[in-house]
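This report refers to the structure that appears directly beneath it.
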Amino acid sequence: MGPDVPLLNDYKQEFFLKRFPQTVLGGPRFKLGYCAPLYIYVNQIILFLVPWVLGGVGTLLFQLGIMKDYCTAALSGGLMFVTALALQMANLYAKQKTVTVERMQIQNTLTDEDEFEFSSCLGSETVKFIIPGKKYIINTVFHSLLAGVLCGLGTWYLLPNRITLLYSNIGGTVMIFVFGWVTICIGAYSLIINTATETATFQALDTYEITALMRPFYIFVFIAVDLAHRFAVNTPILEQTNQILHIVFIFLPFLWAMGILPPLDALFLWGMEQLLEFGLGGSPMSSNPKLLVMFLISAGTAIASYFIPSTLGVILFMTGFGFILSLNLSEIGFAFKHTMIGHLASSKSKTMQRGLRIQFGWREFVFYLTVLAFALIEASLLHQFAGFSSFSKASPQAIASYVLIVLLITMWILREIQRVYLFGVFRNPFYPKDVRTVTVFMEKQRRLMKVGVVRRILLTLVSPFAMIAFLSLDHSLQNLHSVSVCIGFTRIFRMVWQNTENALLDIVVVSVAQMLVFNPDLWWNRSLDTGIRLLLVGILRDRLLQFVSKLQFAVAILLTSWTEKKQRRKSTATLITLNIVFFPILLTFIAISALLSSPLLPLFTLPVFLIGFPRPIRSWPGPVGAAAGVCSDTVYYQQMVPSLAVALQSALAAGSLGLFLPGSHYLCRFQDRLMWMLVLEKGFTYCGVNIKGLELQETSCHAAEAHRVDEIFEMAFEHQEHTKIFSPNHHFGHILTPCTVLPVRLYSDARNVLSGIIDCHENLKHLKDDFIKVLVWMLVQYCYKKSKTWESSGDANKSKKGSFPDNQHSGSVERSRPLREEDSFSVDTIEDWTDDSVIFHLEPSGRMKDRKELGQLGITPKVHLSIPGSVETQSQDVPPEMSPEDKLYRAVVLGLPAVDKGKQQEVLPQVEFSCSYSELLSIPEEWRTAPVPSSKVNEMRRRFPEEWYHFILSQLDFFHLKEKPSNLLEDLMKDKALKDLYIHGVLSCCFGLFGLDNTVPAPSHVFRAYTGGIPWSVGLDWLTGKPELFQLALKAFRYTFKLMVDKASLGPVENFKELVNYLEEYENDWYIGLVSDLEWQQAVLQEKPYLFSLGHDPNMGIYTGRVLTLQELLVQVGKLNDEAVRGQWANLSWELLYATNDDEERYSIQAHPVLLRNLTVQAADPPLGYPVYSSELLHLPLF
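One point on numbering: in our numbering, the residue at position 859 of the sequence shown is 864, and numbering is uninterrupted.
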C-alpha cells in the first residue's frame, strides 16, 4: 500500500462526521444518514435546552429577590428531577406500547444504524429514537435524581451575582453564564436523554452505563470547589482556584470532545496508581483488584503512622511496613496457602503444578526475616544515638550522603557497561564482540557476569541499608503528628525497598541540594521537610523522564514522516511546517501530557499530536494474559517462555536490560519469533512481567518491520569485529535500542529443500526394502512391549494362553477372504461379489486424518469406502440377520451384480508355534487377514529380511519373565510359524500403502503416504479398518523416509547395529510427522529434542523438510521507547473504539520501520491487537 492510503474510508468518514458532532453536543443527533422530519431536530433542541430553562426560572426568581440562592437551586433541581423522571417514563411507555413487528429493513451502507419510520411528533418511534432509555431500572431513578442535583447545583454555580463577585466584570459574567449553561446542558443531555459516545474510551463495552456519569462527574468537581469557597472563610487560594476553574468550566465541552479528560473507570484506576506510586511509595499493580487492595493497605499504613506517639515507634513502623509491603505479597500468600493445603492433604499438593510462580520456601523466608531484623536494628540504633544533629558537612547524615553518592555512581557504571551501547549512543568496549553462539558468548561474558553479581549485591543489600541510615538520621523525624512527615517518610521508607534505584537517585539529589544550599531562610529548607522534598524530587524525576521520552517520540514521527519515503504523504510538508511554526504549542502539549502521565497521541500516527487521557500504566483494562488469538504457532511460545523468563530474571537482576520500571517494554527476537515483554510490577527482589508472542506467518508489513529489527540487532551483536571502539549507534533515534543477548532453551527452525533426495531413483528404489525392515522392527517392538504389559498384569491364565485381549476374536475374524493364485490383482479378481458381502458400505466423507485421529483415540471405526460410480447413500451398519433380499437390494441400488458364493465365514487355521513363548510375540490375528494372493506371500518370503529379523530378536532381553529357558532367543528364531506371522503382517501393510505391484514409488506417492493421504484402494480400505496397525504402518513409513534422508545426507548404514541405533533415536528423541498433527504440538510442549516434518510447495513444485532442534541459543533483546508504545496504543484505542476504523489496510497499521507500527498494533491486548500468545503474570525473582 502507498503512503496516501486513506486514513478513513468513505463509509467511515461519513460515520465519523455523524458521530463527532454528537460527541461534542453530548448526544443530540442532528446529522443522520437519511431524511428525517423537522420535529425530530426540534424535539432534540427543546430537550437540550430544558436544564437551562428550568435553571433560568430559578435564576430569575433570585435576581428579582423573590427567593434566596439555595432555594432557587432546590427549585430548579426539583423541576429537573421531575422532568427527567417523566422523560424516562415516556420511554418505558413507548417501549410497552410498541408491538414488535419483524420486517425487512433496507440497509443504507452510509448509516451506522437502522432507519426509523416516524409517524408523529410524539409517536412511539420518535420517543424511542430521541430517548433510548436505560438498561436498568435503578439507573432510571438514579440518573434522574442526579440530573436534578446537577441542574440545582448548576443554577447555584452560575448565578450572575456570584460570578460578578468573582470577576467584577459584566462582560465576563455574561460569557461565563451563557457558555456555562451550555456545558451543563451538554452534561445533562448525556446523562438523561442520550449518552454520547466518548472519544476517551477505555472499556470496549459499557455494561453498567458508567459513560453517562462521566460529564456530570467533572461538572460536580468544579461545583465542589465553588461550594468549598462559599463556606470557607478567608482562603485566598480557594478564591483564585475558583476563578480559574470558572473559566476552565466553559471549555469542558472542548476537553470532552478532544478526549483529554478520562472516563471514570480509567480516572480512578490512574488516580490510585499515581497515589500508590508517588504518594505512598508503592508500585503499579498488574490487576485492578490487586491495585485496590494494595492502595487501601498502603493508605492505612500512612494514616496509622500519624497516631504513633513516639519517634522511635514511627521509624520502626515505617521501616517494617515499608519492607513488608514491598515484597511480593500475593506470591507469599499463594505459597502459604498451598503449604497449609499440603499439610492437610499432602497427596494432592504433590500433583499441583505451580508453573512459573516464585518458589517461596524456608530459604526465602529466613532471608527476608534477616533483612527485616537488620533494617529495624539499624534504624532504631541510628535514630536513638545519632539522629538529633542537624545537617552539616560533617554530620553523620552528610557522611551517609557521601556513601550514597559513591553507591549511585558505582551502580550506574556497573549497569551501563553490561549493555551493548552506552547511553544507547556509543558502543560499549567491554561488551563481548561478535556474539553468535552460546559457548562463545558465555566465555566472553564471564567478567560481565561477575560485574552483575557485584551490582546485584550493592542494589539488594548495601544500598537499602545505606538509605535507611540516611533517613534515620534526619532531624525532621523529631516532629511528631505532622501530616507531611507521615506522608513523605512513609513513602520513602517503602520506596527504599520497592524501587531502590530511583530512591537512591532521589536521596542523592536531595542531599546534594542540602550540601549546596545551607541558607535556612530559603523556601526549600524552611517550608519542606526531607520527606516532602523527596516526594517532589521523585515526581519531578518521573515527569522529566516522560517529557524527554515523549519528545523523542514526537521528533521521530516528524522526521520519519519525511525521511521515510513510504511514509511521505501529500500533507506531510504542510504538517511539518505547522509543527515547526507552532513548536511552542507542541512543547506545551508534551509538557501537559508528561505532567498528567498520559500518552502523547499521534492522530492516525501522523505528526498531529493530541493529549491522550490518563490511564493505568498497562494501557488496557482487561486482566493480564486473559485473551490471545491462539493458533498452531502458539505452542512455540508456550515452550520457550519458561526458559526465557529464567534468562530475563538473570538479566534484569544484573542490570543488562538497563533501568526497568513498571511500564517498560522490551522486544526479544529469535529467527521468526518476536516476543514482547511488558513490566507490570516491581518490588524488593522481584518483578512481574507479561510476555506476548507475535504471529509467525509474516505479512508484508510484519516482514518489513521484522527485517529492520534484524538489521538493528545484527549491527549491534553480529558485526562488531568491523567496528571501532565507541563507534556510534547507527540506529539512534529508533524506538528500539539493543541491550543484550540471552541464552534461552528453545527450538531452532531449519527448512531444507529435498530436491535430489526424494526424487532420486536410487533412494526410492531402496525405500520399500527399508520400509520392510523398519516395519519388522516396529512390529517386534510393539508385541514385545505388549508382552511386558500383559505379564505385569499378574494374570496367570494370560501366560498360558499367550494371547492379548485385543488379539482374541473367538477363533474367527469378522471378515475373511480366500486367497487366489493369480499374480494380477484387481477389484474383479480379488473376490467375487456375494450376497453376504458388506463391502458396499459408504464412507461418510471421511479422510485419512480422521482415520488417524480415531486410531489414536483407541477407537476401531468401521471404515467404508465408496466405490466409483456408485450412488451416494447413507452409511449404516448391516445387521447379521438382514435377509438376502435386502442385501441384494443394496447391491442393485449400487449397480453391481451379486453372485451367490455361500454364507459361511472363513476361519483362520490355528497357528501352532514350535516355541511356547512365541505367543508373547504373536501379532493379532486380525492383522493377518489382508486379501492378498498366495503368490505375493511367497514373494514376500523371499524378500523378507531374515537376518535382520533374527538380529532384532537377539536384542530382546525378556527381563520381565520370572522363569525363562536359557535358549529362549534361539527357539524364537527357529519358530517358522512366528516368522510367517510377521511375513503376513508386513505384507498386509505393504499391500495397504503400496499395493501389490513392485514398481518404484513416485515422489508424489511418497509424499501422500507420509501425510496419510493415499488415494483409495482395497488394500488401504482393509488397512484403515485396523486403526492400530495403520498407525504403526504410517509411523514406520515416516521413520523410513527420515532414514532415507539421513542416508542421503550422512552416508549409508554400515550394519544392523547402526540401523537399530537410528530407529531407537527416532523413537526416543524424535517426533516425525506433520506440523498440523496434534502430536506435533504435544511433542513441542514435552520438549522432544528433535522434530521432523515433510512439506510440499505446489507453486514451486518442491518438497521441503523442516527440522526443529531443541538447544540453548541466543535471543536478542532490546528496549523500546515506552512513550512511543503508549502513544501508538492510545491512537489504536481511539481509532478502533471511537472512529471504528477497523480496515485491515488502514494507514495506521502499515509498516513503519522506525516506529514499528505494525508490530506495536499486534502487541496490543485483544480485541484491538492480535498476539498469538499472551502469558499470565510471570513473577521473576531478582536475588
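Glycine included, C-beta positions come from ideal geometry on N, C-alpha and C.
Are the CB atoms of residue j and residue i within a distance shorter than 9 Å?
i, j, result
"Lys-687", "Ser-288", "yes"
"Leu-1137", "Leu-759", "no"
"His-707", "Glu-700", "yes"
"Glu-1092", "Gln-644", "yes"
"Lys-313", "Ala-384", "It should be noted that the sequence gives Ile, not Lys, for residue 313. Not in contact: Ile-313 and Ala-384 (Cβ atoms no closer than 9 Å)."
"Val-490", "Ser-481", "yes"
"Ala-405", "Leu-478", "yes"
"Thr-465", "Leu-13", "no"
"Ser-669", "Lys-1124", "yes"
"Ala-709", "Asn-1163", "yes"
"Ile-191", "Pro-258", "yes"
"Ser-291", "Leu-685", "yes"
So which of the options has the shortest CA-CA distance to residue i?
i, options, result
"Leu-97", "Ser-921, Cys-76 and Val-146", "Val-146"
"Ala-209", "Leu-1142, Glu-1117, Glu-975 and Leu-1187", "Leu-1142"
"Thr-77", "Val-154, Cys-190, Arg-678 and Val-29", "Val-154"
"Val-515", "Met-290, Ile-497 and Thr-444", "Ile-497"
"Phe-431", "Leu-274, Leu-1055, Pro-743 and Phe-35", "Pro-743"
"Gln-786", "Ser-732, Tyr-987 and Pro-748", "Tyr-987"
"Leu-22", "Lys-36, Pro-11 and Leu-30", "Lys-36"
"Leu-533", "Phe-494, Val-1005 and Leu-90", "Phe-494"
"Phe-614", "Cys-636, Pro-589 and Trp-275", "Pro-589"
"Val-513", "His-486, Leu-413 and Ser-400", "Leu-413"
"Ser-81", "Pro-137, Leu-608 and Ile-189", "Ile-189"
"Ile-224", "Val-443, Thr-240, Val-187 and Glu-203", "Val-187"
"Arg-548", "Arg-574, Ala-596 and Ser-1153", "Ala-596"
"Leu-966", "Asn-166, Gly-1000, Thr-794 and Arg-368", "Thr-794"
Once you ignore the five residues that flank residue i on each side, which residues in its own chain have a CB closer than 8 Å to its CB?
i, result
"Val-746", "Val-440, Phe-446, Phe-722, Leu-1119, Val-1120, Gln-1121 and Val-1122"
"Met-277", "Leu-296, Leu-297 and Phe-300"
"Leu-1160", "Ala-561, Ile-562, Thr-565, Thr-610, Ile-740, Ala-1129 and Gln-1133"
"Leu-824", "Its pLDDT being 36, under 50, Leu-824 is placed unreliably in this model, and the value from its coordinates should be taken loosely. Only Pro-936, Val-937, Pro-938, Ser-939 and Val-942 meet the Cβ criterion."
"Val-230", "Leu-243, Thr-246, Asn-247 and Leu-250"
Mind checking which residues open and close the beta strand (DSSP E) that includes residue i?
i, result
"Met-945", "Looking at the DSSP string, Met-945 is not in any beta strand (DSSP E); the run it does join, the alpha helix (DSSP H), is 939 to 948."
"Cys-744", "741 to 758"
"Thr-1109", "1107 to 1125"
"Lys-687", "678 to 688"
"Phe-20", "Run containing Phe-20: none in the beta strand (DSSP E); it sits in the alpha helix (DSSP H), 15 to 30."
"Leu-69", "It is not in any beta strand (DSSP E) - Leu-69 carries neither H nor E in the DSSP assignment."
"Tyr-373", "First-last for Tyr-373: 367 to 391, but that is the alpha helix (DSSP H), not the beta strand (DSSP E)."
"Ile-763", "Premise fails: Ile-763 is in no beta strand (DSSP E) and is neither H nor E."
Using C-beta distances below 7 Å, list every residue in its chain close to residue i, excluding the 5 sequence neighbours before and after it, in chain order.
i, result
"Ser-888", "Because Ser-888 carries a pLDDT of 45, less than 50, the predicted location of this residue cannot be relied on, and no value is offered for it."
"Leu-150", "Phe-86"
"Glu-1084", "Tyr-1076 and Gly-1078"
"Asp-511", "Leu-539, Val-542, Gly-543 and Arg-546"
"Gly-1174", "Val-1166, Gln-1167 and Ala-1168"
Short of 6 Å in beta carbon distance, which residues of its chain neighbour residue i, apart from the five on each side in sequence? Order them along the chain.
i, result
"Met-500", "Gly-286 and Ala-508"
"Phe-612", "Residue 612 is actually Pro in this sequence, not Phe. Closer than 6 Å at the Cβ level, and outside the excluded window around Pro-612, lie Ile-562, Leu-563, Ser-566, Leu-580 and Asn-584."
"Lys-1047", "Ile-1077 and Phe-1097"
"Phe-435", "Ile-422"
"Ala-1135", "Pro-604, Leu-606 and Gly-617"
"Lys-353", "No answer about Lys-353 holds up, because its pLDDT of 40 lies below 50 and its placement is not dependable."
What are the boundary residues of the alpha helix (DSSP H) that includes residue i?
i, result
"Ile-1077", "Counting along the chain, Ile-1077 falls outside any alpha helix (DSSP H), though it belongs to the beta strand (DSSP E) covering 1075 to 1078."
"Lys-770", "766 to 770"
"Gln-208", "That residue, Gln-208, is in no alpha helix (DSSP H); it is neither H nor E in DSSP."
"Arg-461", "451 to 462"
What whole-angstrom Cβ distance do residue i and residue j have, given they're in contact under 8 Å?
i, j, result
"Asn-199", "Gly-32", "4 Å"
"Ser-919", "Asp-980", "5 Å"
"Phe-53", "Tyr-194", "5 Å"
Can a CB atom of chain C be found closer than 9 Å to the CB of residue i?
i, result
"Val-87", "The chain labelled as chain C is not found in the depicted structure, where only one protein chain is given."
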